[in-house]
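What follows is a single structure, written as structure tokens, with notes after it.
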Amino acid sequence: MKAVLALVLLLLPTPPLAAQTLAIPQVNTGRPIVATYRCPTGKPFKVTYWNGDNGQSFALVPIAGKPLLLVNLMSADGARYGAGSVVWWTKGRNADLYNEGMDPDTGKVRPVSCSEVPGTG
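Heads up: the sequence shown is residues -18 to -1, 1 to 103, going by mature numbering (1 follows the signal peptide of the UniProt record, and there is no 0).
Written out as structure tokens, the structure is:
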């Protein structure tokens, strides 16, 4: 339970991220896509996505009150983004946040499941 609470606390509101531009000279990205998500015990938060013309994709996710840029990873189902010990995995309008915190009862990583707020992405 403490692991789940810790992950939910990571999703506390952060400053708006939508106005930020992603500038990587070697990768052309189109306009950002901004979606708002809500987790069962938290307030809504925004995630900004960019799709590069070379097949790379990025997601800017607020973690512990600070924006963390995640890169697209291989996935058999949905879109998976990661950086270090953090993984943001989306499928349709649902997303799971994985962090290195383990569930003390099972010894497995327990995700926090979130849903996109309709009409925001």
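Just so you know, even glycine gets a beta-carbon here, dropped at the ideal spot from N, CA and C.
Out of curiosity, what's the CA-to-CA distance linking Ile15 and Trp71? The sequence position of residue 15 within the sequence shown is 33, counting from 1. The sequence position of residue 71 within the sequence shown is 89, counting from 1. Taking the straight line from one Cα to the other gives about 16 Å.
Anyone know if the C-beta pair for Leu42 and Val53 falls short of 8 Å? By 1-based counting over the sequence shown, the position of residue 42 is 60. By 1-based counting over the sequence shown, the position of residue 53 is 71. Their beta carbons are not under 8 Å apart, which means Leu42 does not touch Val53 by this criterion.
Alpha-carbon spacing of Pro22 relative to Pro100, whole angstroms: As a working note, residue 22 is residue 40 in the sequence shown. As a working note, residue 100 is residue 118 in the sequence shown. Going by the C-alpha atoms only, they are around 15 Å apart.
Which value, in whole angstroms, describes the spacing of the CA atoms of Leu(-8) and Ser97? The residue given as residue -8 occupies position 11 in the sequence shown. The residue given as residue 97 occupies position 115 in the sequence shown. Because Leu(-8) carries a pLDDT of 45, less than 50, the predicted location of this residue cannot be relied on, and the following value inherits that uncertainty. Their Cα atoms are separated by approximately 13 Å.
Within 10 angstroms of its Cβ, does Asn81 collect 16 or more other Cβ (buried), or is it exposed? Here residue 81 refers to the residue found at position 99 of the sequence shown. By the beta-carbon neighbour count (other beta carbons within 10 angstroms, threshold 16), Asn81 is buried.
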